[in-house]
Structure formats: C-alpha cells, structure tokens
DNA sequence: CCAAAAGTGTTATCGCTACACCCATGA
DNA sequence: TCATGGGTGTAGCGATAACACTTTTGG
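Residue numbers (our numbering), protein chains in the order written: chain P, 1 to 236; chain G, 237 to 472.
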C-alpha cells in the first residue's frame, strides 16, 4: 500500500486512480487592500507558473489538517482561519492526471513581516484586483472564493480575522469596502458596528493615517459568541 | 489501472490508498412534513443498517455527475436539485478503509408514486423528526444538511423545489415552517410571498385539506430569474 | 348550522438610509 | 492656518410584526 502518495518518485500522480488534493485560497488584508497569496508551482506540468498553494491529502489526515499542513509547509503560515469552499473535480481539470481538489479559503491579517516571510518560499501577495493567469482551474477557485467571502462577510464577523488585534474603525470599514467592492457611509457603518456591542474601545490612538489619529479597538470574541447565542444578528 | 473502483471483487475498498465517495442527503416534502430518504446498506461493513445513498466516484466523472448517477442507480430518482454540502474526511470515519466522502444534499417534491417507487430499491422515506441511527458519520451529514437547508431557504427559493408544480399558499407555508421549525404568521407570509411577484395564481382550487379549498399557484421560474437580475431580494 | 381552513388590511414600531458640520493635529 | 482624516446626530421612509374578523362549504 502506498503510504504517502505525494512522495512517489517519477510523477506526482503515480499510483492511484483518483488523487485528492487541497488548494488554499489565502486572503490577507494589509490595512488598505485585499491581497491573495500565490506561489510559483514547483512541479510539472506548469512548473514556474503562478498557482495557489496546494498539494495532496495524506492517508492519515483529514482534508482540514491537510490544508493547514500544506499551507505551513509551503509558506510557513500556521494557525489561521480556513474554511472549505468545495470540490473541483472535472476529470480533465489537470492534464497530468486524475486529481480532485478540495478548495479551502483562508483569511489572515497581514503584518509587515508576512510580506517578507513568504518570499522565502517563492510566494507573493497579489492585489485581488490584479490576479495573474493561474494554472488549471485556480482562477475559478479564486473567483468562487471571492463570491463566498462577500456572502459570508454579511453574516459572520470574518472581517475581524483579517485585521490585527488592534484596529481602528476606519480600517475595519476599508476592509469591508474591499470585500464588498463598494463604498459605505462612515456614520452608518460606525453606528452599526458599535451597536453590535462586541468592540472594545482602547485608550490608544493610531496616527498612521491621520494627524488627529483614530481610536484603536479590539474584537471581543467571547462577548461576540455570547451575543450570538442570545440571538444577535450580525448583518453588515 | 483500476477502471471502476466500485466493482472490485473481494472488498469494496480494494486498490487505492484513498477512495472518494459521494453521499446524498435527499429531502422530500409530502405536503405536510419534511422527509429524508434512507436505504439499507447492501455492503459490508454495516450491511443492512440504515444509511444515506452513497457510492464511489468513478475516474471519468466529476462528483456532481457521480451524485446524480449514484442516486439514480440506487433509487431510480433523476433530474433533481443537488448541491454540494462538503467533505467528510476523518481518516477513521469508515472502519472498512480510507474513504473520503463528499456529501450532497438534494431536494425533491414527493408525489404519491415516489413513496412507492423507492421501496423497490429497499429505500424508505423517514420523517426528519424521527431519523434512526445511521452508519458511519451519516447522522452528522444529515444534521449539517438540515442546518444548511435552513440558512439557504432564507435567501433562495429552494422551497419551490420541494413542492409539486401546483401548490397552495398554505402548503408553501407548511413547508417553510417545517424547514425553519417555527410557526409563521399567515397574513404576513402570504403578503411577502405575493409581493415577490413570481407566483402565478391559477383558477383551480385544491380541496384536499379544507372544505373551502385553497387556490393553486405555480412558481414562475423565468419571472423569478428576471426579478433576481433586477435585484430582487428574496428573504423569507 | 357549525366546524375548519382560507382569505384579507391596518397600525405601530424598528431599522435603514441619507445627509452636514465640528474636531484635532502636524506640517 | 489650513488641509486631512476622525468623529458625531437626526429626520424621513420603508419594511416588518402584531393582530381579528369574514368567507366558504362539506358533513
């Protein structure tokens, strides 16, 4: 029995009639724009073309574990929010063999160090408005992820996964504007978010984008979960 | 190379390190209650226990095609609405081997004949309030499908997939009450549905549940799609 | 004639949207 | 002092929720 199908020698596809892979669509937010993590494919076919992060599922892990492992091995990233998008299973999607991929999308806050760190793995952050041609059906995966992100952002506080621990309300608004690709009214946005009751105002200000400075806030996850149980409807 | 992994002789699991299956969570509505289609498993392990409809994906089909094929082969049902729920991939989920399953949920209208027809395949419709213990992780699949159904029913007209072509407004309301598991106000429900503008009132009445009789309606799919493009928000 | 389900309108409340002005500060 | 982004309140409107009575007809 083949223990680790990703370690077959001659071809990455050898040894099984139908292989299962995971691809990760990783979004990051750099305080201004929504970014997508891509890297240069290291195996044939399509070597050196831009690709999502992906590899094969091992026999002793579930697909979520595989996604986290693959992401970590390929980029050094770990411990982020990952959610299953769905399967991509067209028999001819990969000319190299019969590979079914279960796409996962991920969200993370982009700190300065992240921009550097992934470069060591030949990975790169692209603005979602300017994504290059990708291998296989990866552009389709990205498109579906963006659509899903938009839908989910309306009813889940996923936005907070994309910001650093402390953030300002204008930053939060910029993020939601990037996700929804539309301008929002400052006063109404602020009102709505504050009314939800799970933002903690801090005494610090962030002056990186204005002279006056904007107050920093923190997302109180415990409070959020408590409120959700009581029937808060989170709608932006 | 194994052409059809479901036809291996000694064991259904023979021949591949990680097999990919599809399971179908099929919901039907019989004018009163929400039902789930189950059948008696025909292969070891767990032969003769209640199970969802499922089998393996073939190398020359995508998972959606597989779901439709398997459903047809196991129950005679074809041409219904199917949507991917997600993967179930715990390495120990199936004691017989390493099988990853991609669950799909399906919706269909239950006519009298359907209740009979599936019996020929040793399948049976169960009330969703009274589902027996199922093999493997199938109870979990059902629970997740019900949750998904609830969410989706709010923003997609999936309810109409579960009714016969002609239906009355009280029937439609019963269906939504079954999905959401809560009572709805008759007047408001009627108002909301009618305001959407894609219901066609017919001149017939259905007297099966009252002496007065209720007018039959038809769902106008073309009109619905036109309205959606114009930005109708379907919210129940 | 009565039981049982179908059908219908109005009012009060809430939430959303639109919108304009002052504040703080670094350059 | 002024340009730049941060912060705040209110009024009007539309949607939702609550609510009770009349109609039909088979038994």
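Here a beta-carbon is modelled for each residue, glycine too, at the ideal position from N, C-alpha and C.
- Near chain G, meaning a CB-to-CB distance below 8 Å, no residue of the stretch 121-139 of chain P qualifies.
- About 4 Å separates the beta carbon of residue 200 of chain P from that of residue 218 of chain P, a gap short enough to meet the 8 Å contact definition.
- DSSP places residue 187 of chain P within a helical segment (H, G or I) once states are collapsed to three.
- Taken through DSSP and simplified to helix, strand or coil, residue 357 of chain G comes out as helix.
- The DSSP-derived three-state label of residue 264 of chain G is strand.
- Proximity of residue 77 of chain P to chain G, defined by a Cβ-Cβ separation below 8 Å, is not satisfied.
- Remark: C-beta atoms of residue 409 of chain G and residue 420 of chain G approach each other more closely than 8 Å.
- Of the residues assessed, residue 278 of chain G falls on the exposed side of the cut-off, its CB having fewer than 16 other CB atoms within 10 angstroms.
- In the assembly as shown, residue 98 of chain P is a buried residue. Its beta-carbon has 16 or more other beta-carbons within 10 Å.
- A contact is defined here as three or more CB-CB pairs under 8 Å, and the stretch 51-64 of chain P meets this definition with respect to the stretch 21-40 of chain P.
- Along the length of the stretch 152-208 of chain P, whole beta strand (DSSP E) runs at least 3 residues long occupy 166-168, 199-206, reported in chain order.
- Counting only runs of 3 or more residues that sit fully inside the stretch 246-327 of chain G, the beta strand (DSSP E) segments are 255-265, 270-276, 289-292, 317-324, in chain order.
- A straight-line Cα-Cα distance of about 13 Å links residue 34 of chain P and residue 124 of chain P.
- Judged by DSSP secondary structure, residue 107 of chain P falls within the beta strand (DSSP E) whose first and last residues are 99-109.
- As a beta-bridge residue in DSSP terms, residue 454 of chain G pairs with G/402, G/436.
- Assigned with DSSP and collapsed to three states, residue 127 of chain P falls in strand.
- DSSP, reduced to helix, strand and coil, places residue 384 of chain G within a helical segment of the structure shown.
- In this structure residue 18 of chain P is buried. Its beta-carbon is surrounded by 16 or more other beta-carbon atoms within 10 angstroms.
- Here residue 354 of chain G has 311 as same chain residues with Cβ atoms under 6 Å from its own Cβ, once five neighbours each way along the sequence are excluded.
- The stretch 445-462 of chain G makes no contact with the stretch 372-382 of chain G: fewer than 3 CB pairs, one atom from each, lie closer than 8 Å.
- Of the candidates P/134, P/108, P/86, P/100, the residue whose Cα lies closest to the Cα of residue 71 of chain P is P/108.
- For residue 86 of chain P, the closest Cβ of chain G is nearer than 8 Å.
- Within its own chain, the residues whose Cβ lies closer than 8 Å to the Cβ of residue 394 of chain G, once the five positions on either side in sequence are excluded, are 317, 343, 385, 388, listed in chain order.
- In this structure, the alpha-carbon of residue 128 of chain P lies about 16 Å from that of residue 135 of chain P.
- Under the Cβ distance rule, residue 63 of chain P counts among the residues neighbouring chain G, one pair being separated by less than 8 Å.
- The beta carbons of residue 101 of chain P and residue 87 of chain P sit closer together than 8 Å.
- Rounded to the nearest whole angstrom, the C-alpha separation of residue 362 of chain G and residue 321 of chain G is 20 Å.
- At least one CB of chain G lies nearer than 8 Å to the CB of residue 102 of chain P.
- Put simply, of G/446, G/463, G/331 the residue whose alpha carbon is nearest the alpha carbon of residue 282 of chain G is G/331.
- The C-alpha of residue 91 of chain P is placed about 6 Å away from the C-alpha of residue 298 of chain G.
- Nearest in C-alpha terms to residue 133 of chain P, of all of P/68, P/105, P/50, P/229, is P/50.
- One finds 298 in chain G with Cβ atoms closer than 8 Å to the Cβ of residue 90 of chain P, taken in chain order.
- Residue-level contact check: residue 148 of chain P does not touch chain G, since none of the beta carbons of chain G fall below 8 Å from its beta carbon.
- Using a Cβ-Cβ cut-off of 8 Å, residue 393 of chain G does not count as an interface residue toward chain P, since no Cβ of chain P sits closer than that to its own.
- Look at residue 69 of chain P: its C-beta is not under 8 Å from any C-beta on chain G.
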